[in-house]
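Q: Per the numbering used here, the sequence shown starts with residue 62, numbered consecutively.
Glycine included, C-beta positions come from ideal geometry on N, C-alpha and C.
Structure provided below as structure tokens; questions to follow.
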Amino acid sequence: MMKKDEDVAEKTSFSIEKAVKLSPFILLLPQIAGGALGGVCGALGWSFNEFIFKKDIATPLKYGAALFSLIAAGGLYILFAAVLVAIFPDLAPKN
């Protein structure tokens with residue numbers, strides 16, 4: 062009976078692993094081309110992180126892949142934002 066209580070506590074507690082998995086969602090914050098674009102790129106990064114953390118590989122490799130995922134999602138966000146601004150120049154901020 063104690064095992065189930067420990068499992069529930071483990072699933073609901075906050076951990077570094079959860080923070081790393083969810084780190085691509087930081088792309089929701091900049092409002093360069095809208096929050097939806099950051100949400101899509103963040104969701105792609107998060108899904109990659111979930112896939113990686115379910116694999117049976119060394120922990121440092123998991124965190125390295127998660128860092129790569131964050132960088133790749135950021136690059137994808139910048140690429141999509143640049144394409145959107147090239148297609149729709151009115152989206153660019155006016156000085």
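Per the contact definition of three or more C-beta pairs closer than 8 Å, is the region 95-102 in contact with the region 131-140?
A: The answer is yes - the region 95-102 touches the region 131-140, with three or more Cβ pairs under 8 Å.
Q: Rounded to a whole number of angstroms, what is the C-alpha to C-alpha distance between residue 143 and residue 112?
A: Here residue 143 refers to the residue found at position 82 when the sequence shown is read from its first residue. Here residue 112 refers to the residue found at position 51 when the sequence shown is read from its first residue. Roughly 28 Å separates the two Cα atoms.
Q: If you run the structure through DSSP and keep just helix, strand and coil, what is residue 118?
A: Sequence index remark: in the sequence shown, residue 118 carries index 57 (1-based). It is coil, neither helix nor strand.
Q: Measure the alpha-carbon distance for residue 110 versus residue 121 and round it to whole angstroms.
A: Walking along the sequence shown from the start, residue 110 turns up at place 49. Walking along the sequence shown from the start, residue 121 turns up at place 60. Straight-line Cα distance between these residues: approximately 13 Å.
Q: Which runs of the alpha helix (DSSP H) spanning at least 4 residues fall entirely within the region 117-151, listed in chain order?
A: Complete alpha helix (DSSP H) runs here, min 4: 120-148.
Q: Using three-state DSSP, classify residue 86 as helix, strand or coil.
A: Position 25 of the sequence shown, counted from the start, is the residue given in the question as residue 86. Of the three classes helix, strand and coil, the one that applies to residue 86 here is helix, per DSSP.
Q: Using the beta-carbon count (16 or more within 10 Å), is residue 85 buried or exposed?
A: For the purposes of this step, residue 85 is identified with residue 24 of the sequence shown, where counting begins at 1. Classification for residue 85: buried.
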